[in-house]
Amino acid sequence: MEQLYGPIRDYAWGSRSAIAELQGRPVPSDGPEAELWLGAHPGAPATVDRDGARVSLLDLLDADPGHWLGVEVLDRFGPRLPFLLKVLAAEAPLSLQVHPDAEQARDGYAADCARVDGHRNYVDPYHKPELLVALTPFEALCGFRDPAVSAAALAGFGVPALAPVVAALNEGASGLREAVRLLLDWPAAQRAGLVEAVVAAPVAGPDAVLARELAARYPDDPGVLVALLLHRVRLAPGEAIWMPAGNLHAYLRGTGVELMAASDNVLRCGLTPKHVDPVELLRILRFDVLDDPVVAARPVVPGVVTWPVPVDDFVLYRVAPTAGSTAVPLPVPGPRVVLCVAGTITVGDDAGSVTLRCGEAAIGTAGAGPLVVSGPGEAFVAAAGLR
Numbered sequence: 016m017e018q019l020y021g022p023i024r025d026y027a028w029g030s031r032s033a034i035a036e037l038q039g040r041p042v043p044s045d046g047p048e049a050e051l052w053l054g055a056h057p058g059a060p061a062t063v064d065r066d067g068a069r070v071s072l073l074d075l076l077d078a079d080p081g082h083w084l085g086v087e088v089l090d091r092f093g094p095r096l097p098f099l100l101k102v103l104a105a106e107a108p109l110s111l112q113v114h115p116d117a118e119q120a121r122d123g124y125a126a127d128c129a130r131v132d133g134h135r136n137y138v139d140p141y142h143k144p145e146l147l148v149a150l151t152p153f154e155a156l157c158g159f160r161d162p163a164v165s166a167a168a169l170a171g172f173g174v175p176a177l178a179p180v181v182a183a184l185n186e187g188a189s190g191l192r193e194a195v196r197l198l199l200d201w202p203a204a205q206r207a208g209l210v211e212a213v214v215a216a217p218v219a220g221p222d223a224v225l226a227r228e229l230a231a232r233y234p235d236d237p238g239v240l241v242a243l244l245l246h247r248v249r250l251a252p253g254e255a256i257w258m259p260a261g262n263l264h265a266y267l268r269g270t271g272v273e274l275m276a277a278s279d280n281v282l283r284c285g286l287t288p289k290h291v292d293p294v295e296l297l298r299i300l301r302f303d304v305l306d307d308p309v310v311a312a313r314p315v316v317p318g319v320v321t322w323p324v325p326v327d328d329f330v331l332y333r334v335a336p337t338a339g340s341t342a343v344p345l346p347v348p349g350p351r352v353v354l355c356v357a358g359t360i361t362v363g364d365d366a367g368s369v370t371l372r373c374g375e376a377a378i379g380t381a382g383a384g385p386l387v388v389s390g391p392g393e394a395f396v397a398a399a400g401l402r
């Protein structure tokens, strides 16, 4: 194991306190800090120390993929780290978005490479399923709720223009696609008036509160209404949500550890000034009703839990050595990234050990033997999900 240094992305929705506090830096930070990236993604690769200088993990992996990845990961995913670990800190809502599955990503990327209009939907040929575990109370929109509930909520605003959307929703799950299409295709000149009418309606309750919160930032965005078709999820620390391909979602506020397939493919549905492609969005969206987006943690051994997900790109463990225990061994194969989120921990394998303070990370190569975590702290361990 050796220490890993992750870059921080300064997206406008980021917090000026959460990541700085985690890393023990002065608060507030100089600007918004949205995501800490711990991986080898080309967009913002982490670095390691080599001969007194910081060297890109991406460059090291490209130079010797077998050493870093091992045969199994290399055969399954090619010469790339298949996962990306992040700390995400949302002070304001992110865009409503969806990610493609593997086939959609391959086809979409190939098609986009031939485009000349500049509006690319796909930046790489990979899917991007995501798992987020809350570090603080966390709020998100995740997955379509019962259309009958959404129909009642929209009808309750008493806005006549929404009648076709309500009618589509009253058809059940089969009408979800049409309801979303109607909202995304709303005439641009009438969008501000529609959102204003909803916000001005003398209605109380959580849907009205959410509509007003979102409209304050996006007063002419039909995504404000699309958001009301989704579950509003409130996570306590340690709870998780799973976002498979095709699942419409948006983070609202809070700090969490996010593990995903190493891709940056995002198709936006609203709550953003960025490009929205309704045709492509409707093609990859899944219109299944999601009964419960929360994923329960599963114990592994004393002091270790995981959140099972149906992909092999990654697996995530939370390790908190129990009182009186000296070390927790984890037979995690392949490359692994460890992030300390509380206290101080020591992580080691056959290649060496490193002590991490809160907010620090380490990486280990394939073939370095079992991972051992010890110390009075808490850590997340990310690895490939191959069994």
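Under the working numbering, the letters of the sequence shown match residues 16 to 402, in that order.
Virtual Cβ for every residue (Gly too), placed ideally from N, Cα, C.
Straight-line Cα distance separating residue j from residue i
i	j	result
E145	D116	12 Å
P162	L169	10 Å
P234	D279	27 Å
V356	E273	13 Å
A155	A68	39 Å
E375	Q18	8 Å
D364	E48	32 Å
G220	R232	19 Å
T151	L345	26 Å
S189	P308	20 Å
V218	L286	22 Å
G81	K289	39 Å
G46	D25	7 Å
S32	A178	43 Å
Cβ pair residue i, residue j closer than 8 Å
i	j	result
G158	L305	yes
A55	V148	no
L250	F153	yes
R301	L244	no
V42	L263	no
L100	V352	yes
D236	R196	no
G21	A61	yes
L354	L53	yes
V334	G318	yes
W28	L109	yes
CB contact check: residue i to chain C, cutoff 8 Å
i	result
A255	Looking for chain C here will not work: only one protein chain is present.
Contacting residues, own chain, Cβ-Cβ under 7 Å from residue i (five flanking each side not counted)
i	result
S368	M16, T361, V362
L73	A55, P57, P60
V281	Q112, H114
Cβ distance (whole Å) where residue i is taken to contact residue j below 8 Å
i	j	result
C284	V224	Incorrect: roughly 21 Å between the Cβ atoms, too far for contact.
C373	L103	No, C373 and L103 are not in contact; Cβ-Cβ is about 17 Å, not under 8 Å.
P403	G261	It is not possible to answer for residue 403, since the shown part of the chain is limited to 16 through 402.
Same chain, Cβ closer than 6 Å to residue i, neighbours up to 5 away in sequence not counted
i	result
V88	G349, A399
A166	V181, L184, N185
Q119	I299
V291	R283
Residue i, DSSP secondary structure in three states
i	result
F329	coil
D364	strand
S389	strand
H56	coil
E145	strand
E211	helix
A223	helix
H246	strand
Close Cβ partners of residue i (< 8 Å) along its chain, the five nearest in sequence each way excluded
i	result
L297	R192, V195, R196, L199
I323	Here residue 323 turns out to be Pro, not Ile, going by the sequence shown. Around P323: V310, R313.
A125	P140
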